[in-house]
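Worksheet for the structure shown next.
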Amino acid sequence: MTKKTIISARHLKKSFGTGSSIQTVYSDLNIDIYKGDFTVIMGPSGSGKSTLMYSLSGMDKPDAGQIIFDNTDISHLTSDQLAKFRRKQCGFIFQQIYFMKRLSVMDNVITAAILTNRKQKEIVSRAKELFSLVNLPEQTQEKLPSAISGGEAQRAGVIRAIINDPNILFADEPTGALNSANSKAVLDIFSSLHKKGQSIVMVTHDKESALRGNRIVYIKDGQIFGECNLGNYSQSAERKAKFESFLIEMGW
Numbered sequence: 001m002t003k004k005t006i007i008s009a010r011h012l013k014k015s016f017g018t019g020s021s022i023q024t025v026y027s028d029l030n031i032d033i034y035k036g037d038f039t040v041i042m043g044p045s046g047s048g049k050s051t052l053m054y055s056l057s058g059m060d061k062p063d064a065g066q067i068i069f070d071n072t073d074i075s076h077l078t079s080d081q082l083a084k085f086r087r088k089q090c091g092f093i094f095q096q097i098y099f100m101k102r103l104s105v106m107d108n109v110i111t112a113a114i115l116t117n118r119k120q121k122e123i124v125s126r127a128k129e130l131f132s133l134v135n136l137p138e139q140t141q142e143k144l145p146s147a148i149s150g151g152e153a154q155r156a157g158v159i160r161a162i163i164n165d166p167n168i169l170f171a172d173e174p175t176g177a178l179n180s181a182n183s184k185a186v187l188d189i190f191s192s193l194h195k196k197g198q199s200i201v202m203v204t205h206d207k208e209s210a211l212r213g214n215r216i217v218y219i220k221d222g223q224i225f226g227e228c229n230l231g232n233y234s235q236s237a238e239r240k241a242k243f244e245s246f247l248i249e250m251g252w
């Protein structure tokens, strides 16, 4: 069965700096992201993994090239148009979760949805449902961000990212600041969301995190160096061996 493309990027170029100090992150890069896939972007440090994710999501503009996102060409949208587009289409999770310090965890989460003009009663009901999904009780929801743990903050960050039911969820090293137990808890949520059909793009250097994806895209020297289709997540030895073999082939 042919997969539906949710993002199609062609001939992307991105550089930083000027004159003799210019650094090209990627040039003439092409990539498709498919609906319902859990796509993991891996590669050496400085290979442009996060930069590519920011370009695909509309958080950053490439210097050249075209990005068709859900039938919309976002390449030439203004900053305001991109902000509105991201609010409707995307959810974002980062390594460090930034909350408004004076608002409770619940209020931080629902603020993202209030901006979409949905009814507050509906938003709160949805938030409570999602908090239950990630095992954050009501007493935690009512706390200020400074009073919760890193693992709790990251799980709350996942809720904030998906409360608007985004077409696609972008995650940049989401477990990088977590211990193994909290990492597993967050990754279990990702796997559950993917199983329900959520499209996810995650940048990571962590192999345990990467194993949750069904598609691994490896970037090297500003290009797509290789891909590996792992199929749906399982803890089978065969699947892990296929992944390890792919990383060796890529020079990991």
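Each residue of the sequence shown is one higher than the one before, counting from 1 in the working numbering. Just so you know, even glycine gets a beta-carbon here, dropped at the ideal spot from N, CA and C. These numbers come from a predicted model, not from an experiment.
- Taking 8 Å as the upper bound for CB-CB distance, I168 and V109 are not in contact here, some 19 Å apart.
- With respect to the 8 Å criterion, V186 and Q141 are not classified as neighbours on the basis of their beta carbons.
- Of all alpha-carbon atoms in V25, M53, E152 and A113, the one lying nearest the alpha-carbon of K88 is that of A113.
- Looking at the backbone, the Cα of I74 and that of F85 are separated by about 9 Å.
- Rounded to the nearest whole angstrom, the CA to CA distance from V217 to G231 is 13 Å.
- Residue pairing for G91: DSSP places it in a beta bridge opposite L169.
- When DSSP states are grouped into helix, strand and coil, T72 belongs to the strand group.
- Taking every protein chain shown into account, the CB of H11 has fewer than 16 other CB atoms within 10 angstroms, so this residue is exposed.
- In the DSSP annotation of this structure, V134 is not part of any beta strand (DSSP E), being labelled neither H nor E.
- Excluding the 5 residues flanking it on each side, F99 has same chain C-beta neighbours closer than 6 Å at N108 and P145, in chain order.
- A straight-line Cα-Cα distance of about 13 Å links T39 and S50.
- CA-CA distance, I159 to L136, rounds to 10 Å.
- Going by DSSP, A177 is part of no beta strand (DSSP E) at all; its letter is neither H nor E.
- For I93, the closest C-alpha among the options I224, T24, M42 and F190 is that of F190.
- It is roughly 37 Å from the alpha-carbon of T5 to the alpha-carbon of G19.
- By the neighbour-count criterion, in which a residue is buried when 16 or more other Cβ atoms sit within 10 angstroms of its Cβ, S47 is buried.
- The alpha-carbon of P174 is positioned some 13 Å away from that of R212.
- Runs of the alpha helix (DSSP H) spanning 4 or more residues and lying entirely within the region 198–235 occur at 207–210, in chain order.
- Fully enclosed alpha helix (DSSP H) runs of no fewer than 4 residues occupy 49–57 of the region 32–70, in order along the chain.
- Looking at S79, Q95, G226 and Y233, the one whose alpha-carbon comes closest to that of L178 is Q95.
- For F16, there is no enclosing alpha helix (DSSP H); the enclosing beta strand (DSSP E) covers residues T5 to F16.
- One thing to note: V203 has its Cβ within 8 Å of the Cβ of D172.
- Relative to the Cα of Q66, the nearest Cα in the group I7, G43 and S180 belongs to I7.
- Rounded to the nearest whole angstrom, the CA to CA distance from E227 to I68 is 21 Å.
- For S191, the secondary structure class from DSSP, reduced to helix, strand or coil, is helix.
- By alpha-carbon distance to S79, the top candidate from S21, M59 and I248 is M59.
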